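Whatever position you read off the sequence shown (first residue = 1), add 11 for the working numbering. All C-beta atoms, glycine included, are put in the ideal place defined by N, C-alpha and C. Just so you know, these numbers come straight off a predicted model, no measurement behind them. Worksheet for the structure shown next.
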Amino acid sequence: MNPRPPAQPWKDSLSRAARSAWAKHDFDSDGWLPLYRHMADSASIAGRLWDEWVPRQARALITSALSGDESSARSLVVWLAATHDIGKATPAFACQVEHLADDMRAQGLDMPLQKQMADRNLAPHGLAGHLLLRDWLVDEHDWRPRDTHQFTVIAGGHHGIPPTNSAIAALDDHPELLRTPKAAEIWHRVQTELLDTAAEVTGAGAHLSSWRTAKLPQPAQVLLTALVITADWIASNSDYFPYFPGERGTDPERTEAAWRLLDLPRQWNPQHPTGTTAELLAARFDLPEGARPRPVQEQAVQAARHMAGAGLMIIEAPMGEGKTEAALLAAEILAASTGAGGCFVALPTMATSNAMFARFTHWLDHLPGMPEEATSIFLAHSKAHLNEEFAGYLGGGPRLATDTDREDESGSAALIAHRWLRGRKKGMLSSFAVGTIDQLLFAGLKSKHLALRHLALAGKVVVIDEAHAYDTYMNTYLDRALAWLGRYGVPVIVLSATLPSDRRRELAQAYTGEGPRPKVEGYEEVAQAASYPLITTAAPGTPPRLYPAEFSGRSTDVLIEPLDDELATLTERLDRELHEGGCALVIRNTVARVHETAAHLRGHFGEDAVTVAHSRFLDLDRAARDEQLLREYGPPAKVVALGGERPERRIVVASQVVEQSLDVDFDLMVTDLAPVDLLLQRMGRMHRHPRGEDQSERPPRLRAARCLVTGVDWTQSPPRPVKGSRTVYGQYPLLRALAVLRPHLPADPGQASTLKLPYYISPLVQFAYEEVDDHVGIAPVEWHEAMDQALCAERTKQVDRAVRARTFLLDPAARDGRAIIGWVDAGVGEADDTQSGKAQVRDTGESLEVLVARRHSDGSLTTVPWLSGGRGGLPLPTDSVPAPKAARALAASGLRLPYQFTLSGQMIDRAITELEADLVEAWQAKEAHWIAGELVLFLDEDDRAELAGHRLHYTESDGLEVTRAD
Numbered sequence: 012m013n014p015r016p017p018a019q020p021w022k023d024s025l026s027r028a029a030r031s032a033w034a035k036h037d038f039d040s041d042g043w044l045p046l047y048r049h050m051a052d053s054a055s056i057a058g059r060l061w062d063e064w065v066p067r068q069a070r071a072l073i074t075s076a077l078s079g080d081e082s083s084a085r086s087l088v089v090w091l092a093a094t095h096d097i098g099k100a101t102p103a104f105a106c107q108v109e110h111l112a113d114d115m116r117a118q119g120l121d122m123p124l125q126k127q128m129a130d131r132n133l134a135p136h137g138l139a140g141h142l143l144l145r146d147w148l149v150d151e152h153d154w155r156p157r158d159t160h161q162f163t164v165i166a167g168g169h170h171g172i173p174p175t176n177s178a179i180a181a182l183d184d185h186p187e188l189l190r191t192p193k194a195a196e197i198w199h200r201v202q203t204e205l206l207d208t209a210a211e212v213t214g215a216g217a218h219l220s221s222w223r224t225a226k227l228p229q230p231a232q233v234l235l236t237a238l239v240i241t242a243d244w245i246a247s248n249s250d251y252f253p254y255f256p257g258e259r260g261t262d263p264e265r266t267e268a269a270w271r272l273l274d275l276p277r278q279w280n281p282q283h284p285t286g287t288t289a290e291l292l293a294a295r296f297d298l299p300e301g302a303r304p305r306p307v308q309e310q311a312v313q314a315a316r317h318m319a320g321a322g323l324m325i326i327e328a329p330m331g332e333g334k335t336e337a338a339l340l341a342a343e344i345l346a347a348s349t350g351a352g353g354c355f356v357a358l359p360t361m362a363t364s365n366a367m368f369a370r371f372t373h374w375l376d377h378l379p380g381m382p383e384e385a386t387s388i389f390l391a392h393s394k395a396h397l398n399e400e401f402a403g404y405l406g407g408g409p410r411l412a413t414d415t416d417r418e419d420e421s422g423s424a425a426l427i428a429h430r431w432l433r434g435r436k437k438g439m440l441s442s443f444a445v446g447t448i449d450q451l452l453f454a455g456l457k458s459k460h461l462a463l464r465h466l467a468l469a470g471k472v473v474v475i476d477e478a479h480a481y482d483t484y485m486n487t488y489l490d491r492a493l494a495w496l497g498r499y500g501v502p503v504i505v506l507s508a509t510l511p512s513d514r515r516r517e518l519a520q521a522y523t524g525e526g527p528r529p530k531v532e533g534y535e536e537v538a539q540a541a542s543y544p545l546i547t548t549a550a551p552g553t554p555p556r557l558y559p560a561e562f563s564g565r566s567t568d569v570l571i572e573p574l575d576d577e578l579a580t581l582t583e584r585l586d587r588e589l590h591e592g593g594c595a596l597v598i599r600n601t602v603a604r605v606h607e608t609a610a611h612l613r614g615h616f617g618e619d620a621v622t623v624a625h626s627r628f629l630d631l632d633r634a635a636r637d638e639q640l641l642r643e644y645g646p647p648a649k650v651v652a653l654g655g656e657r658p659e660r661r662i663v664v665a666s667q668v669v670e671q672s673l674d675v676d677f678d679l680m681v682t683d684l685a686p687v688d689l690l691l692q693r694m695g696r697m698h699r700h701p702r703g704e705d706q707s708e709r710p711p712r713l714r715a716a717r718c719l720v721t722g723v724d725w726t727q728s729p730p731r732p733v734k735g736s737r738t739v740y741g742q743y744p745l746l747r748a749l750a751v752l753r754p755h756l757p758a759d760p761g762q763a764s765t766l767k768l769p770y771y772i773s774p775l776v777q778f779a780y781e782e783v784d785d786h787v788g789i790a791p792v793e794w795h796e797a798m799d800q801a802l803c804a805e806r807t808k809q810v811d812r813a814v815r816a817r818t819f820l821l822d823p824a825a826r827d828g829r830a831i832i833g834w835v836d837a838g839v840g841e842a843d844d845t846q847s848g849k850a851q852v853r854d855t856g857e858s859l860e861v862l863v864a865r866r867h868s869d870g871s872l873t874t875v876p877w878l879s880g881g882r883g884g885l886p887l888p889t890d891s892v893p894a895p896k897a898a899r900a901l902a903a904s905g906l907r908l909p910y911q912f913t914l915s916g917q918m919i920d921r922a923i924t925e926l927e928a929d930l931v932e933a934w935q936a937k938e939a940h941w942i943a944g945e946l947v948l949f950l951d952e953d954d955r956a957e958l959a960g961h962r963l964h965y966t967e968s969d970g971l972e973v974t975r976a977d
């Protein structure tokens, strides 16, 4: 006797008419899915996501909106996933595939032909579902219409953009799109039947009466939308849920097999860490026995343990005091309190993100509470595929997590970049991520699928490094993102060495929902605190707390002096200082000054004695140059580990790329004038590590740290920074830096004064960024007129930036119960981490990026010849798709063109038109996804090209140089 097949609650309870409604169709195979089947698949996945993947921190937000009833919250998630596509049970949708529409017509569900429905664009199925759910709740369950939208907007927004009130009203005026008039009764009956079944099977029916009086906070609505989108995307994947007719058509086999195939990594289950700060540091970071915590690390752990739950922590401490380790210890403590399932570290640039990634994965290897199987990790920036460590986590092809990395014999956590959790929309859903600050700023930008970005952050602890590095435009988005993170109950840790006190207060007030008001009770003390190092904590509804910390005792006396901005003067001084050897760093504020300086110095010191570092290198060349800098000027242990050797005598001429991203250490520094916080950051690249007792391993002349400040005409009053510096930073921040440094800069070049670091860091920064109405007592009288004019121009510029940033700025979360209708209306569309995407949250203007290849004299094309790893000189055929290795090598040869090509829309258009003339049609095929759609700049055999009236010359040693052709 054969056993009875398992019951099919979705199918068995439905009429033939309801079963005929369709949801998915594949034109190639003619496979299809009934609507009830997709509803069942989506509901099943939503339940598994809630039970096994959504972090406790995010679940708690939704649960708290429903009186703390976990079962009610789970039922809501599953029911919303089940009903999200109910709008497909309408003639506006069903008419699209004629033979499936005919099957429905045969069941009485009459509808016009698709070409006869001129207004069907008014009824996208998400919006149609919003209205059908509203009517069902009102007609069948006695809800008030205004109470329905906070729930039904999830269906309305499941394609990434919640509907607007005008769209809802327009569809209300066209009821024939929801139900064909002559068959309206049977359409209504089928829609009701499907919704009744969903309520019964998901258990939502038992909760509808209590939900009727609920007031869902907008953050809860956003998370519910994101969970439904995620469940829908998984349930729509035919690899997991095959179309009919096909295998796995019944439950539970179908849903269990799909979840097994998906193999979505579980989240981190953080444990409350016990032990002293010293014990935790030793356990997480492999510190040598006897190593003692720095005071700021002790205070960070203490402050985190004092916090009752989610909150903001700001850690201000000098470079080299272990802020990153302090933040990760605090993150672990806070995650255990809130139930976070992961961590995201946000940094200013791709270079700083890459540098952090290895430290981050090392921490993860020592982190308790990791799942027994693999957990997911993501490097969140557009060049992540070039990072060798991250590429190692990618595995290959469609392999499943179970086939790749698992916990190894050492007990380290197994990390994978899960195949489903990849791409610009889903990557940040990984449990752990490191990336550029843009990923966080996007949370404040009105854009499609914004709900997914919020879900990605809502279950994590967020660490924001180098918080001083962001301008007014970026801070507008950062503050709005912090406001939403505060509402989600996300712990946030902010790190900075040079944070102005007013900015400290603004960050705290943004997170706690107090906004930018200048005088809020409890927060004036935050702005007035003069202690340094300092830890500040803040949480909604409680007064902020301050935790002063001591310095660790490590200090450097920096001799600082002005230097004339003449290349001959620079050359003479370097010759004298490096007479006994040593490594000098010369930092210029523009790439043009880097090239000019390097060329002049090579004329005196020789080609091999001078190297350059800036942003105008190919991606692969930039990565190789960064590695070379670490191999030669990194910490002594790092140099040994990389098989390098510190040069006896060398000069590196660099742009701002060395300010933050690299742990490098030089004996002497020459720098163009910059805002004072950046100047202090630059000084941190000098005498960064001990080299013998009292720096005895450095050349005798260079055992005292010395910083020469140039890029200024010191003969004028006030001294006048060079044009390039004024263009990059603005006149006023440079004049304030000069005013702050004036007591420490001797009047005459050749004389030096002493800055005691880190003790002077905070006083200098606070003085430089203090808001003033005039400059009495700040600068000499003869400077006042110039500084007043510069201040006026600076304020105008900052107001303009703030106004422009608000164009696409997300609104703050509104009152509980108000639906997120129109939440991202008038937004930017898609947002991503390409250069055009970043321009939406950075005030960087247009940029133009190309791939670089070589065109030989016979017309053949190859990758440029000097690329390492066997990637140089690979053939690039024009009549077919290049071999995968060649295509990847070309994709890794990206180069951002300099400002000359983006000065105006006309110039950009001219450059693009000329580049498109060299478009290779064969490379636009989907098989060439690495390079399809990219602009390619072809260099001749002398590595030269002409573009838009400019001559371009690229060298492996100096990168790209540009001159006008006329």
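So what does DSSP say about residue i, is it helix, strand or coil?
i, result
"S387", "strand"
"A609", "helix"
"L238", "helix"
"W147", "helix"
"C106", "coil"
"E327", "strand"
"W270", "helix"
"D683", "strand"
"D568", "strand"
Residue i: buried (16+ other C-beta within 10 angstroms of its C-beta) or exposed?
i, result
"G257", "exposed"
"P17", "exposed"
"Y780", "buried"
"L930", "exposed"
"F38", "exposed"
"K193", "exposed"
"S177", "exposed"
"R975", "exposed"
"H283", "exposed"
"Q727", "exposed"
"G801", "Note on identity: in this sequence residue 801 is Ala, with Gly being the wrong assignment. Under this definition A801 is a buried residue."
"A541", "exposed"
Note down, in chain order, each residue of its chain lying with its Cβ closer than 8 Å to the Cβ of residue i, except the 5 sequence neighbours on either side.
i, result
"D630", "K394, L397, A903, S904, G905, L906"
"F255", "G42, W43, L44, P45, R48"
Once you ignore the five residues that flank residue i on each side, which residues in its own chain have a CB closer than 6 Å to its CB?
i, result
"L340", "L291, V312"
"T601", "G735"
"T74", "E81, A84"
Closest by CA to residue i, which one among the options?
i, options, result
"V445", "S364, L887, S387", "S364"
"V239", "A293, E264, L273, H170", "H170"
"L345", "R67, T203, I942", "R67"
"L466", "F453, E517, P253", "F453"
"P135", "A166, D114, L111", "A166"
"L766", "A579, S31, D568, G524", "D568"
Taking CB distances under 9 Å as the criterion, tell me whether residue i reaches chain B.
i, result
"V861", "Absence of chain B from the displayed structure is noted, only one protein chain being present."
Within a Cβ cutoff of 7 Å, which residues of the same chain sit near residue i, ignoring the five residues on either side of it in sequence?
i, result
"G564", "none"
"T580", "L574"
Run through the segment 689–769 for me and flag every whole beta strand (DSSP E) of 3 or more residues, listed as ranges in chain order. 716–721, 764–768
Counting only runs that start and end within the segment 497–548, where is the alpha helix (DSSP H) found for 4 or more residues in a row? 512–523, 535–539
Along the chain, which unbroken stretches of the beta strand (DSSP E) at least 3 residues long are found entirely within the segment 859–909? 860–866, 872–874, 905–907
Which runs of the alpha helix (DSSP H) at least 4 residues long sit entirely within the segment 85–130? Give them in chain order. 102–105, 109–116
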